[in-house]
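The structure under discussion appears below in the form of C-alpha coordinates.
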Amino acid sequence: MRRICVQILMVVMLFSLVSGQVYAIDYTIVFGNTTTGAGTINLGNPHSSIFTVTSKFNQPRDTGPGTTNPHNGVDLGSSYGEPVYAIWNGWVLSASMANHEMFMYLDLNNDGLKNDNAHVKFDHLSNIFVTSGYVTKGTKVAATGDEGGAFAPHLHFGVRKDLNADGVSDVWVKNEPYYRTVAAWDYGKMLDFISYSTFTNNVASVYAYAHSEVGKQSINFGHVIFFHRKVGASTWVASTGAKNGDQFTYNFTGVYPAGTQIQWMVRGVRSNIVGTDYYWAFSPPKFKQPDFDPNATAYKFDYYTNIIQ
1 MRRICVQILM VVMLFSLVSG QVYAIDYTIV FGNTTTGAGT INLGNPHSSI
51 FTVTSKFNQP RDTGPGTTNP HNGVDLGSSY GEPVYAIWNG WVLSASMANH
101 EMFMYLDLNN DGLKNDNAHV KFDHLSNIFV TSGYVTKGTK VAATGDEGGA
151 FAPHLHFGVR KDLNADGVSD VWVKNEPYYR TVAAWDYGKM LDFISYSTFT
201 NNVASVYAYA HSEVGKQSIN FGHVIFFHRK VGASTWVAST GAKNGDQFTY
251 NFTGVYPAGT QIQWMVRGVR SNIVGTDYYW AFSPPKFKQP DFDPNATAYK
301 FDYYTNIIQ
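This is how it looks when you write it as C-alpha coordinates:
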(Lines of atoms letter the chains of each structure in order from A and count residues from 1; the text may use other names and numbers.)
(Lines give C-alpha, C1' and ligand atoms only; values in the text may rest on other atoms or scores of the structure.)
Protein backbone atom coordinates (compact mmCIF):
# COMPACT_ATOMS: atom_id res chain seq x y z
CA MET A 1 0.00 0.00 0.00
CA ARG A 2 2.85 2.38 0.82
CA ARG A 3 4.42 1.74 -2.60
CA ILE A 4 1.11 2.49 -4.32
CA CYS A 5 0.73 5.76 -2.41
CA VAL A 6 4.25 6.81 -3.36
CA GLN A 7 3.57 5.97 -7.00
CA ILE A 8 0.34 8.01 -6.95
CA LEU A 9 2.19 10.94 -5.38
CA MET A 10 4.89 10.76 -8.05
CA VAL A 11 2.25 10.72 -10.80
CA VAL A 12 0.51 13.74 -9.27
CA MET A 13 3.80 15.62 -9.02
CA LEU A 14 4.71 14.74 -12.60
CA PHE A 15 1.30 15.90 -13.85
CA SER A 16 1.68 19.13 -11.93
CA LEU A 17 5.06 19.80 -13.50
CA VAL A 18 3.85 18.98 -17.00
CA SER A 19 0.69 21.05 -16.64
CA GLY A 20 2.81 24.05 -15.68
CA GLN A 21 0.40 25.15 -12.95
CA VAL A 22 2.61 24.71 -9.87
CA TYR A 23 4.43 27.91 -8.98
CA ALA A 24 5.97 29.56 -5.97
CA ILE A 25 3.58 32.49 -6.06
CA ASP A 26 5.17 35.74 -4.89
CA TYR A 27 2.62 38.22 -3.58
CA THR A 28 5.13 41.02 -3.12
CA ILE A 29 3.40 44.26 -4.13
CA VAL A 30 5.45 45.82 -6.92
CA PHE A 31 2.74 47.50 -9.03
CA GLY A 32 0.58 50.47 -8.08
CA ASN A 33 -1.40 51.33 -11.25
CA THR A 34 -0.90 55.12 -11.54
CA THR A 35 0.32 58.12 -9.59
CA THR A 36 0.34 61.93 -9.76
CA GLY A 37 -0.28 63.45 -13.19
CA ALA A 38 -1.39 60.26 -14.93
CA GLY A 39 -3.41 61.14 -18.01
CA THR A 40 -2.60 64.86 -17.84
CA ILE A 41 1.21 65.00 -17.98
CA ASN A 42 3.03 64.15 -21.22
CA LEU A 43 6.43 62.90 -20.11
CA GLY A 44 9.38 63.21 -22.45
CA ASN A 45 11.33 60.61 -24.38
CA PRO A 46 14.44 59.34 -22.57
CA HIS A 47 16.17 58.97 -25.96
CA SER A 48 16.76 61.41 -28.81
CA SER A 49 14.57 59.25 -31.08
CA ILE A 50 11.90 56.63 -30.49
CA PHE A 51 13.63 53.33 -29.80
CA THR A 52 11.94 49.95 -30.12
CA VAL A 53 10.19 48.65 -27.01
CA THR A 54 11.65 45.23 -26.25
CA SER A 55 9.71 44.48 -23.06
CA LYS A 56 6.58 46.30 -21.91
CA PHE A 57 5.53 47.22 -18.38
CA ASN A 58 3.61 44.34 -16.76
CA GLN A 59 4.54 42.05 -19.68
CA PRO A 60 5.09 38.36 -18.79
CA ARG A 61 8.57 37.16 -19.67
CA ASP A 62 10.06 33.69 -19.91
CA THR A 63 13.25 34.29 -17.93
CA GLY A 64 13.46 31.06 -15.97
CA PRO A 65 11.71 29.44 -12.97
CA GLY A 66 10.94 31.74 -10.06
CA THR A 67 12.17 34.94 -11.66
CA THR A 68 10.41 38.29 -11.49
CA ASN A 69 7.45 38.43 -13.84
CA PRO A 70 5.57 40.38 -15.08
CA HIS A 71 8.14 42.99 -16.10
CA ASN A 72 8.49 45.89 -13.66
CA GLY A 73 9.32 48.63 -16.12
CA VAL A 74 9.87 49.20 -19.84
CA ASP A 75 12.90 48.15 -21.87
CA LEU A 76 13.97 50.24 -24.87
CA GLY A 77 16.42 48.63 -27.25
CA SER A 78 19.35 50.86 -28.18
CA SER A 79 22.99 50.76 -29.15
CA TYR A 80 25.66 51.07 -26.48
CA GLY A 81 26.33 54.60 -25.19
CA GLU A 82 23.17 56.33 -26.45
CA PRO A 83 22.32 59.51 -24.49
CA VAL A 84 19.64 59.24 -21.82
CA TYR A 85 17.61 62.39 -21.14
CA ALA A 86 15.51 63.51 -18.18
CA ILE A 87 11.86 62.85 -19.05
CA TRP A 88 10.69 65.77 -16.87
CA ASN A 89 12.04 68.42 -14.54
CA GLY A 90 13.21 66.98 -11.25
CA TRP A 91 15.96 65.96 -8.86
CA VAL A 92 18.60 63.30 -9.31
CA LEU A 93 18.23 61.48 -5.99
CA SER A 94 20.91 58.84 -6.45
CA ALA A 95 23.25 57.60 -9.14
CA SER A 96 25.44 54.52 -8.94
CA MET A 97 27.75 53.24 -11.63
CA ALA A 98 28.34 50.18 -9.43
CA ASN A 99 24.64 49.34 -9.93
CA HIS A 100 24.40 50.99 -13.39
CA GLU A 101 21.32 52.93 -12.27
CA MET A 102 19.91 56.36 -11.54
CA PHE A 103 16.82 57.55 -9.64
CA MET A 104 15.08 60.88 -10.23
CA TYR A 105 12.21 62.50 -8.34
CA LEU A 106 9.92 64.14 -10.91
CA ASP A 107 8.63 67.66 -10.27
CA LEU A 108 5.43 67.05 -12.24
CA ASN A 109 3.66 70.24 -11.10
CA ASN A 110 6.88 72.28 -11.46
CA ASP A 111 6.51 73.93 -8.05
CA GLY A 112 10.05 73.14 -6.93
CA LEU A 113 8.85 70.81 -4.16
CA LYS A 114 9.17 67.05 -3.81
CA ASN A 115 5.44 66.56 -3.38
CA ASP A 116 4.36 64.62 -6.50
CA ASN A 117 5.18 61.04 -5.44
CA ALA A 118 6.56 60.24 -8.89
CA HIS A 119 10.02 58.91 -9.63
CA VAL A 120 11.81 57.46 -12.65
CA LYS A 121 14.49 54.80 -12.63
CA PHE A 122 17.05 54.50 -15.42
CA ASP A 123 18.92 51.18 -15.40
CA HIS A 124 21.73 49.32 -17.24
CA LEU A 125 23.68 52.55 -17.70
CA SER A 126 27.22 52.75 -19.08
CA ASN A 127 27.85 56.30 -17.93
CA ILE A 128 26.25 58.85 -15.61
CA PHE A 129 26.72 62.57 -16.25
CA VAL A 130 24.61 64.05 -13.43
CA THR A 131 24.87 62.57 -9.95
CA SER A 132 22.75 65.01 -7.91
CA GLY A 133 20.74 68.21 -8.01
CA TYR A 134 17.86 69.65 -10.01
CA VAL A 135 17.75 69.09 -13.78
CA THR A 136 15.29 70.19 -16.45
CA LYS A 137 13.40 68.05 -18.94
CA GLY A 138 15.67 67.07 -21.83
CA THR A 139 18.94 67.31 -19.89
CA LYS A 140 21.41 64.56 -20.79
CA VAL A 141 21.87 62.67 -17.55
CA ALA A 142 23.36 59.29 -18.55
CA ALA A 143 24.16 56.85 -21.37
CA THR A 144 22.75 53.42 -22.19
CA GLY A 145 24.72 50.29 -21.44
CA ASP A 146 24.63 46.54 -21.08
CA GLU A 147 25.15 46.07 -17.32
CA GLY A 148 28.78 45.15 -17.85
CA GLY A 149 27.99 42.73 -20.68
CA ALA A 150 25.14 40.96 -18.88
CA PHE A 151 22.52 42.04 -21.44
CA ALA A 152 22.23 43.38 -24.94
CA PRO A 153 22.42 47.21 -24.76
CA HIS A 154 19.11 48.76 -23.75
CA LEU A 155 17.53 51.22 -21.34
CA HIS A 156 15.25 50.03 -18.58
CA PHE A 157 13.04 52.85 -17.33
CA GLY A 158 9.67 53.51 -15.76
CA VAL A 159 7.65 55.67 -13.40
CA ARG A 160 7.51 54.64 -9.76
CA LYS A 161 5.87 55.78 -6.54
CA ASP A 162 6.27 55.15 -2.83
CA LEU A 163 4.57 52.10 -1.35
CA ASN A 164 4.95 53.38 2.21
CA ALA A 165 5.81 56.66 3.84
CA ASP A 166 9.50 55.73 3.87
CA GLY A 167 10.29 57.72 0.74
CA VAL A 168 11.49 54.63 -1.13
CA SER A 169 10.14 54.45 -4.68
CA ASP A 170 9.52 50.73 -4.79
CA VAL A 171 6.22 50.48 -6.70
CA TRP A 172 6.07 50.68 -10.49
CA VAL A 173 3.12 52.36 -12.18
CA LYS A 174 1.69 52.37 -15.69
CA ASN A 175 3.61 54.31 -18.32
CA GLU A 176 0.82 54.47 -20.90
CA PRO A 177 -1.11 57.36 -19.26
CA TYR A 178 1.97 59.59 -19.51
CA TYR A 179 2.58 58.96 -23.22
CA ARG A 180 -0.88 59.09 -24.78
CA THR A 181 0.16 61.67 -27.38
CA VAL A 182 3.16 59.71 -28.74
CA ALA A 183 2.02 58.09 -31.98
CA ALA A 184 5.33 56.23 -32.37
CA TRP A 185 4.55 54.34 -29.15
CA ASP A 186 0.95 53.64 -30.21
CA TYR A 187 -0.21 56.52 -27.98
CA GLY A 188 1.27 54.80 -24.94
CA LYS A 189 -0.19 51.36 -25.59
CA MET A 190 3.20 50.03 -26.71
CA LEU A 191 4.60 50.70 -23.22
CA ASP A 192 2.15 48.63 -21.12
CA PHE A 193 1.16 44.98 -21.70
CA ILE A 194 -2.46 45.76 -20.76
CA SER A 195 -3.39 49.40 -21.29
CA TYR A 196 -6.09 52.00 -21.84
CA SER A 197 -8.72 50.51 -19.50
CA THR A 198 -12.15 52.11 -19.95
CA PHE A 199 -15.77 51.46 -18.97
CA THR A 200 -18.36 53.05 -21.28
CA ASN A 201 -22.06 52.16 -21.67
CA ASN A 202 -21.52 49.01 -19.57
CA VAL A 203 -18.65 47.87 -21.81
CA ALA A 204 -15.31 47.23 -20.17
CA SER A 205 -12.40 47.62 -22.58
CA VAL A 206 -8.62 47.14 -22.55
CA TYR A 207 -5.85 46.94 -25.14
CA ALA A 208 -3.34 44.10 -24.88
CA TYR A 209 -0.37 42.88 -26.89
CA ALA A 210 3.27 41.98 -26.25
CA HIS A 211 6.45 43.44 -27.70
CA SER A 212 9.98 42.02 -27.83
CA GLU A 213 13.21 42.30 -29.80
CA VAL A 214 11.56 40.56 -32.75
CA GLY A 215 8.57 42.88 -32.75
CA LYS A 216 4.90 42.76 -31.83
CA GLN A 217 3.07 39.63 -30.68
CA SER A 218 -0.71 39.75 -30.71
CA ILE A 219 -2.83 38.17 -27.99
CA ASN A 220 -5.10 35.35 -29.15
CA PHE A 221 -8.88 35.34 -28.71
CA GLY A 222 -9.71 33.73 -25.39
CA HIS A 223 -6.46 34.79 -23.79
CA VAL A 224 -7.92 37.92 -22.20
CA ILE A 225 -10.35 37.11 -19.39
CA PHE A 226 -12.56 39.61 -17.57
CA PHE A 227 -13.04 38.75 -13.88
CA HIS A 228 -16.01 40.45 -12.25
CA ARG A 229 -18.29 40.37 -9.23
CA LYS A 230 -20.95 42.41 -7.48
CA VAL A 231 -19.58 44.63 -4.73
CA GLY A 232 -19.76 42.62 -1.54
CA ALA A 233 -19.35 39.25 -3.24
CA SER A 234 -16.23 37.21 -2.55
CA THR A 235 -16.04 35.07 -5.70
CA TRP A 236 -14.77 36.30 -9.05
CA VAL A 237 -16.67 35.25 -12.18
CA ALA A 238 -14.54 34.68 -15.30
CA SER A 239 -15.78 35.75 -18.74
CA THR A 240 -14.01 35.66 -22.10
CA GLY A 241 -13.60 39.05 -23.74
CA ALA A 242 -14.46 39.79 -27.36
CA LYS A 243 -11.46 40.63 -29.56
CA ASN A 244 -11.15 43.36 -32.18
CA GLY A 245 -7.52 43.73 -33.17
CA ASP A 246 -5.65 44.61 -29.97
CA GLN A 247 -8.82 45.69 -28.15
CA PHE A 248 -10.66 43.30 -25.84
CA THR A 249 -14.11 44.10 -24.49
CA TYR A 250 -16.83 42.62 -22.32
CA ASN A 251 -20.43 43.92 -22.27
CA PHE A 252 -21.99 43.76 -18.82
CA THR A 253 -25.48 44.72 -20.03
CA GLY A 254 -27.87 42.09 -18.72
CA VAL A 255 -25.18 40.40 -16.67
CA TYR A 256 -26.07 42.52 -13.63
CA PRO A 257 -29.21 44.61 -12.98
CA ALA A 258 -29.04 48.34 -13.65
CA GLY A 259 -27.71 50.24 -10.66
CA THR A 260 -25.47 47.39 -9.52
CA GLN A 261 -22.01 48.41 -8.44
CA ILE A 262 -19.47 45.94 -9.77
CA GLN A 263 -15.75 45.29 -9.50
CA TRP A 264 -13.75 44.00 -12.46
CA MET A 265 -10.22 43.27 -13.56
CA VAL A 266 -8.49 41.60 -16.47
CA ARG A 267 -6.06 38.72 -16.87
CA GLY A 268 -4.05 38.74 -20.07
CA VAL A 269 -2.04 35.77 -21.35
CA ARG A 270 1.04 36.28 -23.49
CA SER A 271 0.02 33.83 -26.16
CA ASN A 272 3.46 33.06 -27.60
CA ILE A 273 4.93 31.84 -24.28
CA VAL A 274 1.96 29.81 -22.96
CA GLY A 275 3.21 26.89 -20.89
CA THR A 276 6.24 28.65 -19.46
CA ASP A 277 6.46 30.17 -16.00
CA TYR A 278 4.21 33.17 -15.43
CA TYR A 279 2.83 33.78 -18.88
CA TRP A 280 -0.02 35.92 -17.55
CA ALA A 281 -0.52 39.35 -16.00
CA PHE A 282 -3.42 41.27 -14.45
CA SER A 283 -4.78 44.77 -14.87
CA PRO A 284 -4.80 46.66 -12.60
CA PRO A 285 -1.40 45.11 -11.85
CA LYS A 286 -0.37 44.53 -8.25
CA PHE A 287 1.67 41.42 -7.45
CA LYS A 288 5.15 40.37 -8.51
CA GLN A 289 3.92 36.90 -9.55
CA PRO A 290 0.12 36.69 -9.33
CA ASP A 291 -1.81 33.43 -9.20
CA PHE A 292 -3.50 32.46 -12.46
CA ASP A 293 -6.86 32.23 -10.62
CA PRO A 294 -7.74 35.06 -8.19
CA ASN A 295 -10.24 32.72 -6.51
CA ALA A 296 -7.40 30.38 -5.53
CA THR A 297 -5.87 32.75 -2.99
CA ALA A 298 -6.90 34.98 -0.11
CA TYR A 299 -4.61 37.75 -1.36
CA LYS A 300 -6.66 40.66 -2.66
CA PHE A 301 -6.20 41.65 -6.28
CA ASP A 302 -6.75 45.23 -7.43
CA TYR A 303 -9.80 46.05 -9.53
CA TYR A 304 -11.85 48.76 -11.19
CA THR A 305 -15.27 49.76 -9.77
CA ASN A 306 -18.20 50.87 -11.94
CA ILE A 307 -22.00 51.05 -11.85
CA ILE A 308 -24.17 49.22 -14.38
CA GLN A 309 -26.42 51.67 -16.24
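Position 3 (the sequence shown) corresponds to 3 in our numbering; numbering is contiguous.
The beta-carbon is built from N, C-alpha and C at its ideal position, and this holds for glycine as well.
Since the structure is predicted, the reported quantities are computational estimates derived from the model, not experimental observations.
On a Cα-Cα basis, can you pick out the residue from the options that is closest to residue i?
i, options, result
"residue 161", "191, 173, 201", "173"
"residue 25", "185, 139, 281, 304", "281"
"residue 78", "144, 71, 72", "144"
"residue 309", "238, 42, 252", "252"
"residue 274", "292, 284, 283", "292"
"residue 260", "159, 231, 100", "231"
"residue 30", "290, 76, 171, 105", "171"
Under the three-state reduction of DSSP, which class applies to residue i: helix, strand or coil?
i, result
"residue 184", "helix"
"residue 295", "helix"
"residue 87", "coil"
"residue 94", "strand"
"residue 234", "coil"
"residue 312", "Lying before the first or after the last residue shown, residue 312 is absent from the chain, which here runs from 1 to 309."
"residue 308", "coil"
"residue 179", "coil"
"residue 48", "coil"
"residue 132", "coil"
What residues in its chain sit with their C-beta under 8 angstroms from that of residue i, if we drop five residues either side in the sequence?
i, result
"residue 296", "none"
Taking only the alpha-carbon atoms, compute the straight-line gap between residue i and residue j and give it to the nearest angstrom.
i, j, result
"residue 318", "residue 115", "The question about residue 318 has no answer here: the residues shown for the chain are numbered 1 through 309."
"residue 254", "residue 294", "24 angstroms"
"residue 60", "residue 188", "18 angstroms"
"residue 221", "residue 279", "15 angstroms"
"residue 103", "residue 73", "13 angstroms"
"residue 250", "residue 84", "40 angstroms"
"residue 210", "residue 239", "21 angstroms"
"residue 64", "residue 277", "7 angstroms"
"residue 98", "residue 149", "13 angstroms"
"residue 217", "residue 243", "15 angstroms"
Ignore the nearest five residues each way along the sequence and tell me which others in residue i's own chain have a CB closer than 6 angstroms to its CB.
i, result
"residue 305", "263"
"residue 199", "306"
Sorted by chain position, which residues of the same chain lie with C-beta nearer than 7 angstroms to residue i's C-beta, five sequence neighbours on each side aside?
i, result
"residue 142", "84, 102, 122, 125, 127, 128, 129"
"residue 41", "108, 178"
"residue 132", "92"
Quick check on residue i - is its C-beta less than 9 angstroms from some C-beta in chain C?
i, result
"residue 189", "Chain labels in this structure do not include chain C; a single protein chain is all it has."
Practice task
Check whether the stretch 174 to 189 touches the stretch 37 to 45, taking contact to mean three or more Cβ pairs, one atom from each stretch, closer than 8 angstroms.
Solution key: Yes, since at least three Cβ pairs between the stretch 174 to 189 and the stretch 37 to 45 fall closer than 8 angstroms, the two stretches touch.
Problem - Three CB pairs or more closer than 8 angstroms across the stretch 211 to 230 and the stretch 256 to 268 - result: The stretch 211 to 230, when compared against the stretch 256 to 268, does touch it at the 8 angstroms Cβ threshold.
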